[in-house]
Amino acid sequence: MLRHNLIAAAAVALATALPALPVLAEGKIGYVSTERILRDSAPAARAQKKLETEFARREQELNKMGEQLKRMQDDLDKNGLTMPESQRRSKERDFNELNRDFQRKRRELQEDANQRKNEELATVVEAANRVIRQIAEAEKFDLILQDAVYFSPRIDITDKVIRALDGKPPAR
0 MLRHNLIAAA
10 AVALATALPA
20 LPVLAEGKIG
30 YVSTERILRD
40 SAPAARAQKK
50 LETEFARREQ
60 ELNKMGEQLK
70 RMQDDLDKNG
80 LTMPESQRRS
90 KERDFNELNR
100 DFQRKRRELQ
110 EDANQRKNEE
120 LATVVEAANR
130 VIRQIAEAEK
140 FDLILQDAVY
150 FSPRIDITDK
160 VIRALDGKPP
170 AR
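Take the sequence shown: its position 143, counted from the start at 1, is 142 in this note's numbering, and no numbers get skipped.
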């Protein structure tokens, strides 16, 4: 009984979907690579440069702190056995304290950088989506896909989107 119901449901679904196939075949379909837009467009490059500038000072501070930690570790490795016990413990305590601070600051920098990157990329994607809609309306597309498993290069409009985002005239 269940098998008959399943077959009947599949037949009804197939019968209702078949009339839509010719309409879909007549429609105009396009494809856009979000990855290429985020890699190759001028707004994405500007966002990346902005992020690098924004976090450069904190990265330099972390690099200096890391170098200081390395010097402290080298000193402990080299002289730890010959220095008095109290001095060695004091240096180890200083090293551990600085290392905890370093790890915390590195984690905070990574979290802040990831959050800002997501914000900047969201802005680029929003701009790209506006351009995609404009192209779709101007060129009478019925459907535009993003990030498909397979697509024919003849339906790829990524270059048009990138050119529009970059403020360049469409290629002829």
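Yeah, the Cβ is synthetic: ideal placement off N, Cα and C, and Gly gets one too.
Secondary structure of residue i, DSSP reduced to three states
{"i": "Gly79", "result": "coil"}
{"i": "Ile154", "result": "helix"}
{"i": "Gly29", "result": "strand"}
Rounded straight-line distance, which links the Cα of residue j to that of residue i
{"i": "Leu108", "j": "Glu136", "result": "42 angstroms"}
{"i": "Gln145", "j": "Asp74", "result": "55 angstroms"}
{"i": "Val123", "j": "Arg92", "result": "46 angstroms"}
{"i": "Lys48", "j": "Asp111", "result": "16 angstroms"}
{"i": "Pro42", "j": "Ala163", "result": "11 angstroms"}
{"i": "Ile28", "j": "Asp155", "result": "9 angstroms"}
{"i": "Asn113", "j": "Ser32", "result": "22 angstroms"}
{"i": "Asn98", "j": "Gly65", "result": "8 angstroms"}
{"i": "Thr81", "j": "Phe101", "result": "27 angstroms"}
{"i": "Arg132", "j": "Arg115", "result": "26 angstroms"}
{"i": "Tyr187", "j": "Gln59", "result": "This structure does not reach residue 187, given that the chain is present from 0 up to 171, and the question cannot be answered."}
{"i": "Arg153", "j": "Arg103", "result": "50 angstroms"}
{"i": "Leu120", "j": "Ile134", "result": "21 angstroms"}
Supposed contact pair residue j and residue i - C-beta distance, whole angstroms, cut 8 angstroms
{"i": "Glu40", "j": "Asp165", "result": "For clarity, residue 40 is Ser in the given sequence; the question names Glu instead. About 6 angstroms separates the two Cβ atoms, so the contact holds."}
{"i": "Arg35", "j": "Thr157", "result": "5 angstroms"}
{"i": "Leu68", "j": "Arg105", "result": "About 11 angstroms separates the two Cβ atoms, so there is no contact after all."}
(request) Please list the segments of the alpha helix (DSSP H) lying wholly inside the stretch 82 to 142, counting only runs of 4 or more residues, in order along the chain. (result) At a cut-off of 4 residues, the continuous stretches assigned as alpha helix (DSSP H) that sit fully inside the stretch 82 to 142 are 84 to 137.
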